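Throughout the sequence shown, residue numbering follows my numbering, covering 23 to 135 in sequence.
Virtual Cβ for every residue (Gly too), placed ideally from N, Cα, C.
Just so you know, these numbers come straight off a predicted model, no measurement behind them.
Reviewing the structure listed below.
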Amino acid sequence: MLGAQLVLPAAAVAEINVRPDALMHYSYCISHAKDRSSVFLLDRGTLYRCGDDIAVGYFNYLGRQGVPEKRVVELEGVFIYRMIWGIGKCWNKIEDSEGNPVSIYGCDVYVEL
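Okay, structure coming up:
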């Protein structure tokens, strides 16, 4: 078997921004989710959902970093999404399902197994 090569699939690993300010928001969101029992065990990982001031801070941090935002109309209302590259997203819900203005923030951080 001369010249045979072993080809292995690449591991799917999310790259997390390791800047101290990025890690701070990431850590605060995970801790907030644990404190509020907003941790969801899924088939291939764990979803941490934070809200309140922690999510507002993370959402605004992403905006200051130049993360593009996307306006999405869903059944639950209208959302502005900012992606946390490779691991999740933060949002601001700006309208409820009836078209009334609201301002509700949240972030989802997904950690793969």
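Check, Outcome
"Ranges of the alpha helix (DSSP H) found wholly within the segment 66 to 116, counting only runs of at least 4", "74 to 86"
"Paired residues, beta bridge with ILE126 - DSSP", "LYS115"
"Whether GLY110 touches VAL131 by CB criterion (7 Å)", "yes"
"Exposure label - LEU135; buried when at least 16 CB within 10 Å", "exposed"
"Residue interval of the alpha helix (DSSP H) (run including LEU63)", "Segment 61 to 64 is the beta strand (DSSP E) holding LEU63; no alpha helix (DSSP H) there."
"Environment of GLY121 [buried if 16+ CB atoms lie within 10 Å]", "exposed"
"Residue environment, LEU88, which counts as buried when at least 16 other CB atoms sit within 10 Å", "Before going further, note that residue 88 is Gly rather than Leu in the sequence given. It counts as exposed."
"One or two residues paired with TYR132 in a DSSP bridge", "LEU69"
"8 Å contact criterion, which LEU84 and CYS112 should meet: CB distance rounded", "6 Å"
"Cβ-Cβ separation, TYR127 to GLY73 (assumed contact under 8 Å), whole Å", "6 Å"
"Exposure of PHE62, with buried meaning 16 or more beta-carbon neighbours within 10 Å", "exposed"
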